[in-house]
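Asker:
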Amino acid sequence: TPGSPEGPAVGIRLGTKKRGCNGLSYTLNYAYENHLENHPRDEAMTINLSSSDMEGNGLKVFVEPMALMNVIGTEMDFLDTVMTSEFTFTNPNSKGECGCGESFNV
Numbered sequence: 703t704p705g706s707p708e709g710p711a712v713g714i715r716l717g718t719k720k721r722g723c724n725g726l727s728y729t730l731n732y733a734y735e736n737h738l739e740n741h742p743r744d745e746a747m748t749i750n751l752s753s754s755d756m757e758g759n760g761l762k763v764f765v766e767p768m769a770l771m772n773v774i775g776t777e778m779d780f781l782d783t784v785m786t787s788e789f790t791f792t793n794p795n796s797k798g799e800c801g802c803g804e805s806f807n808v
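Residue numbers (my numbering): 703 to 808.
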């Protein structure tokens, strides 16, 4: 959670996990201030938006080393509609997805 004993969340950690009917699914977890001390092999990047006033500017994204080759080039977005609030992924490496969209293969 954002207010955990590890301190305030400073970003998210993206990974993949073997599951679902098509092989892999994305995982998202909070990342805290000392994240790279605990996960030194993660790739780190910072979101820089066109305006520093925009929500999400400065957010840190960490990618697990085992997931990196599966997510290179992936576009991640947050969709907030009347029906759903979720992260969406457009992965150019994906060779297919299951019918429900919960898993993919590369």
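Ideal Cβ placement from N, Cα and C applies to all residues, glycine included.
Going by beta-carbon coordinates alone, are residue 763 and residue 748 separated by less than 9 angstroms?
Answerer: Along the sequence shown, one-based indexing puts residue 763 at 61. Along the sequence shown, one-based indexing puts residue 748 at 46. Their beta carbons are under 9 angstroms apart, which means residue 763 touches residue 748 by this criterion.
Asker: Taking the C-alpha atoms as reference points, what is the distance between residue 752 and residue 717?
Answerer: Numbered from its first residue, the sequence shown carries residue 752 at position 50. Numbered from its first residue, the sequence shown carries residue 717 at position 15. Take the alpha-carbon of residue 752 and the one of residue 717: they are about 26 angstroms apart.
Asker: Starting from residue 738, trace the alpha helix (DSSP H) both ways and give me its first and last residue.
Answerer: One-based indexing of the sequence shown puts residue 738 at position 36. Looking at the DSSP string, the run of the alpha helix (DSSP H) that includes residue 738 is 737-740.
Asker: Rounded to the nearest angstrom, what separates residue 773 and residue 739 at their Cα positions?
Answerer: Reading the sequence shown from its first residue, position 71 is the one you call residue 773. Reading the sequence shown from its first residue, position 37 is the one you call residue 739. Taking the straight line from one Cα to the other gives about 23 angstroms.
Asker: I'd like to know whether the C-beta atoms of residue 709 and residue 734 end up nearer to each other than 9 angstroms.
Answerer: Position 7 of the sequence shown, counted from the first residue, corresponds to residue 709. Position 32 of the sequence shown, counted from the first residue, corresponds to residue 734. The answer is yes: Cβ separation under 9 angstroms.
Asker: Would you report the Cα separation of residue 703 and residue 796, rounded to the nearest angstrom?
Answerer: Position 1 of the sequence shown, counted from the start, is the residue given in the question as residue 703. Position 94 of the sequence shown, counted from the start, is the residue given in the question as residue 796. For residue 703, the pLDDT reaches just 49, beneath the cut-off of 50, and the residue's location in the model is therefore unreliable, although a value from the coordinates is still provided. Answer to the nearest angstrom: the Cα atoms are 30 angstroms apart.
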